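Heads up: the sequence shown runs through residues 3 to 690, numbered per the working numbering. Virtual Cβ for every residue (Gly too), placed ideally from N, Cα, C. Note that this is a predicted model, so its numbers are computed, not measured. So the structure is just underneath, and the comments pick up after that.
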Amino acid sequence: MTKLRSLVRRGDNGGLSPIGRRIAIVLAVLTPLLIAGVAVTALRAQADTTASGSTDAGTSASADAAAPSLPAAVVNLDQLVYVDGGSVTPAASDGSGTGTPVAAGKLLVSQLTDGTAGKGFSWTVTDADTAGAGLSSGEFATVVTIPKEFSAGYASIATSDPVQAGVQVQTNGASSYVTELLASALSANLQAAISEASTKQYVTGLLGGFTELNGKLGEAANGAGQLAAGANTLSDYQGQLATGVAGAAQGGAELNTIVQGLATGMRQIADGTTDLPVYADAIAVGSTGVTDGIGVLKQRLAEETAASYGVDAQQQQLESDIAALSAAVPGLTDDEIQARLADLQATAAGIRVQSFGVTLGLGLDALGVTALEGFSNQVSTGAGEFAQDLPLLTSTLGEVASGTEKIAAGTAGLATGLGDLSTAASGIAGGSTELATNTGKLASGLSEAAAAIPSYTTEQQDSISTVVATPVVTQQSDIDALPTPAAAIAAVAVPLALWIGAFAIYLLLTPFSRRELASTASTFRVVVASLVPAAVLALVQAAIVAVVLVAVGAHPVHVMGAIVFSAVMSLSFVMLHQGLVALFGQAGRLVSLALVVVQVAAAAVIIPNGLSSPFYTGLAQLLPLSHAITGMHALIGGGSAVVAGQEALVLVVFAALGLVLTLVAVTRARSRSVVVAAPGAVVPAVAA
3 MTKLRSLVRR
13 GDNGGLSPIG
23 RRIAIVLAVL
33 TPLLIAGVAV
43 TALRAQADTT
53 ASGSTDAGTS
63 ASADAAAPSL
73 PAAVVNLDQL
83 VYVDGGSVTP
93 AASDGSGTGT
103 PVAAGKLLVS
113 QLTDGTAGKG
123 FSWTVTDADT
133 AGAGLSSGEF
143 ATVVTIPKEF
153 SAGYASIATS
163 DPVQAGVQVQ
173 TNGASSYVTE
183 LLASALSANL
193 QAAISEASTK
203 QYVTGLLGGF
213 TELNGKLGEA
223 ANGAGQLAAG
233 ANTLSDYQGQ
243 LATGVAGAAQ
253 GGAELNTIVQ
263 GLATGMRQIA
273 DGTTDLPVYA
283 DAIAVGSTGV
293 TDGIGVLKQR
303 LAEETAASYG
313 VDAQQQQLES
323 DIAALSAAVP
333 GLTDDEIQAR
343 LADLQATAAG
353 IRVQSFGVTL
363 GLGLDALGVT
373 ALEGFSNQVS
383 TGAGEFAQDL
393 PLLTSTLGEV
403 ASGTEKIAAG
413 TAGLATGLGD
423 LSTAASGIAG
433 GSTELATNTG
443 KLASGLSEAA
453 AAIPSYTTEQ
463 QDSISTVVAT
473 PVVTQQSDID
483 ALPTPAAAIA
493 AVAVPLALWI
503 GAFAIYLLLT
513 PFSRRELAST
523 ASTFRVVVAS
533 LVPAAVLALV
543 QAAIVAVVLV
553 AVGAHPVHVM
563 GAIVFSAVMS
573 LSFVMLHQGL
583 VALFGQAGRL
593 VSLALVVVQV
603 AAAAVIIPNG
613 LSSPFYTGLA
623 QLLPLSHAIT
633 GMHALIGGGS
643 AVVAGQEALV
653 LVVFAALGLV
663 LTLVAVTRAR
673 SRSVVVAAPG
683 AVVPAVAA
């Protein structure tokens with residue numbers, strides 16, 4: 003306690019030299035200016051921002067020229083696709099394809115570099131390796147990667163199986179928590195911008211589909227109108243058909259009546275002509291007998307005529323012989339006369355015989371005439387009976403002729419009715435054809451309209467609604483992310499708190515006491531002895547910070563590593579403050595205070611690394627707080643323990659630097675004590 007009380011006493015309040023006093027006054031006066039100057043100059047200058055937005059190497063200018071921009075990279079791995087008839091196909095190796103080309107990746111790059119989607123960032127179009135290296139080194143605050151299937155997903159909204167297009171946004175949590183927030187805002191802005199364009203495209207396509215559907219339904223309506231007109235025409239033809247059928251039926255009925263009458267007449271004719279064959283046979287037989295009798299009679303007449311001519315010739319010969327005999331009688335003897343008379347008598351006998359033959363033939367002829375008369379009577383009887391039946395036949399045939407005329411008239415009417423029926427049937431056939439055609443058109447139009455109206459399953463409805471609501475999804479990742487906001491704040495707040503804690507310790511303690519300066523211990527032992535109380539307080543601070551760290555929910559991934567690193571960090575800061583205060587006194591405290599502001603700016607705690615001035619960015623590697631934040635970030639966020647070990651070594655170097663400063667200060671203080679002592683005595687300049 004005596005040593006602690008001696009350290010609490012101000013051991014650095016001895017008289018300052020005039021130059022030291024002036025320096026302390028100047029630092030005290032300039033401290034507010036230094037803080038304000040660091041705050042103002044920590045932001046990257048506008049000229050520098052404009053330069054960083056040059057597009058010579060694929061980098062675009064910021065959308066807002068009046069504000070600085072975070073450097074960011076965009077990697078376009080997207081592949082060209084073609085949309086044809088609701089299907090999406092990737093382009094060939096030469097970039098060719100069928101349908102409408104879609105290069106959504108280029109559209110996104112254009113929106114980032116030239117539009118408002120990437121506002122606040124200075125974009126560089128590069129490859130994946132360069133972007134990854136730049137993100138790790140802090141050259142880029144974020145990297146946007148457009149995957150190769152981005153266009154396929156973007157264009158799938160026009161298909162029946164849409165998928166969300168993904169964009170990867172990668173940040174480096176080690177750079178700044180503010181950068182993380184800006185990258186998250188970029189993701190939301192990027193997603194909203196692309197989703198707006200995609201949704202607009204979907205709505206445009208949907209409205210176009212409604213327009214096409216309207217046209218198809220219009221065509222279907224026209225087809226329905228034509229169908230109605232065809233149905234009306236068909237109805238007219240059906241009316242005509244009914245009229246024709248009725249007329250044909252009436253004509254058929256009349257024709258049936260007439261045909262029935264004709265059948266009755268024909269029956270009467272049949273009944274009346276039943277005896278005609280008998281009469282005809284009798285007439286035929288009589289006619290044959292008459293004909294045969296006439297033939298025989300003609301033959302007999304010819305024979306009788308010839309015989310008569312022979313009798314006449316013999317009579318003339320007889321007369322000639324008698325005349326010759328008469329003339330010759332005087333000269334003839336009786337015997338000769340007797341002989342001649344005998345000849346005459348023989349001739350006369352021949353004449354008598356021939357005459358008897360003629361007479362007999364005439365008798366036969368009379369018999370033939372009698373037979374002929376009988377046959378003729380038979381013919382006359384048949385003809386009379388036929389004549390008696392002929393009036394009935396004539397009247398019946400007249401009735402049949404009249405019925406036939408009526409049949410002809412009825413047939414004409416029936417033909418007219420059947421003609422009308424045929425015309426109506428033709429009209430019905432044409433109307434039916436037109437009706438079928440228009441029905442086909444209507445069915446086709448309705449089918450096309452139905453085809454134009456998509457049908458989705460429940461899963462497809464959920465998928466489409468999700469894609470339409472969020473067509474583009476940004477997948478944010480961090481190569482060195484912090485688990486929680488509390489952890490992100492703790493990665494910065496713990497080193498800053500321990501630095502301020504070290505500053506507070508040396509507001510209460512002196513870097514060394516006068517008693518120790520006057521002792522015979524070595525300078526190193528004096529420094530170490532003076533450091534022990536401050537180191538104990540520093541370890542207590544580190545322990546308290548660790549407990550509070552867990553209590554507020556900032557659970558480090560590497561718990562033991564974070565505790566050990568906090569102890570190393572606290573000891574390093576205490577040793578560095580001991581050196582500053584020991585060597586520079588009050589001015590050292592002012593330097594520590596100024597370094598807080600400079601280190602906060604250099605460590606990109608408030609201002610992201612990409613927006614910090616290059617001057618402060620360069621100082622980050624030379625200041626302990628930046629290394630402490632980096633190491634703490636790695637241990638809390640689950641980063642590499644090797645990085646934390648490297649940063650711990652750097653803090654050990656700064657601790658050694660503080661030790662060296664303290665050794666120099668103690669050595670100088672002891673030298674001054676020796677100089678002011680009386681000759682021959684070694685007495686400390688001040689009493690304990």
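Its chain contains G267, Q270, I271, G274 as the residues whose beta carbon lies nearer than 7 Å to that of T398, once the 5 sequence neighbours on both sides are disregarded; these appear in chain order.
In the structure shown, the three-state DSSP call for D131 is helix. With distances taken between CA atoms, S446 lies nearest to E221 out of V76, E221, T161. According to the DSSP assignment, L109 belongs to the alpha helix (DSSP H) that extends over 106-115. A94 and L114 have their C-alpha atoms spaced approximately 27 Å apart. For N379, DSSP records no beta bridge to any residue.
Per the C-alpha coordinates, the member of I409, L303, T144 positioned closest to L369 is L303.
For G581, the enclosing alpha helix (DSSP H) covers residues 561-586. When the beta-carbon positions are compared, G633 and E649 come within less than 8 Å of each other. By the criterion of a C-beta distance shorter than 7 Å, S357 is surrounded in its chain by V313, once the five residues flanking it on both sides are discounted. In the DSSP assignment, L72 falls outside any alpha helix (DSSP H) and lies within the beta strand (DSSP E) extending over 72-78. When rounded, the separation of the alpha-carbon atoms in V654 and T132 is 33 Å. Per DSSP, F526 has no beta bridge partner at all. Excluding its 5 nearest sequence neighbours in each direction, A536 has C-beta neighbours in its own chain below 6 Å: I507, L511, V576, listed in chain order. Non-local C-beta neighbours of T100 in its own chain, meaning closer than 8 Å and more than five positions away in sequence, comprise Y84, D86, T91, ordered along the chain. Under the three-state reduction of DSSP output, A167 falls in the strand class.
For F123, the beta-bridge partners assigned by DSSP are L72.
A distance of 8 Å or more separates the beta carbons of A671 and L578. Listed as beta-bridge partners of D337 by DSSP are no residues whatsoever. Beyond the five residues adjoining it in sequence on each side, G581 comes within less than 6 Å, by CB distance, of G660, L663, T664 in the same chain, given in chain order. Contact check for S124 against L72 passes: the beta carbons are separated by less than 8 Å. In the DSSP assignment, V298 is bridged to no other residue. By the Cβ rule, the segment 485-505 counts as touching the segment 547-560, because three or more pairs are nearer than 8 Å.
When the beta-carbon positions are compared, V547 and L509 stay at least 8 Å from each other.
DSSP, read as helix, strand or coil, puts T435 in helix.
Counting along the chain, no alpha helix (DSSP H) covers P92; the unbroken beta strand (DSSP E) around it starts and ends at 89-92. Taking the Cα positions, G263 is about 42 Å away from G291. For L327 against L346, the beta-carbon gap comes to about 7 Å, under 8 Å, which counts as contact. Within its own chain, the residues whose Cβ lies closer than 8 Å to the Cβ of T525, once the five positions on either side in sequence are excluded, are L665, V668, T669, R672, listed in chain order. According to the DSSP secondary-structure assignment, V85 is paired through a beta bridge with V90, T102. Nearest to Q81 by alpha-carbon distance, out of A344, T126, A350, I148, is I148. Taking C-alpha positions only, G297 is separated from Q380 by approximately 18 Å. Distance from the CA atom of V169 to the CA atom of A493, rounded to whole angstroms, is 29 Å.
Taking a 10 Å sphere around the C-beta of A589, we find 16 or more other C-beta atoms and assign the residue as buried.
Cβ-Cβ separation between G384 and I285: approximately 4 Å, consistent with a contact (criterion under 8 Å).
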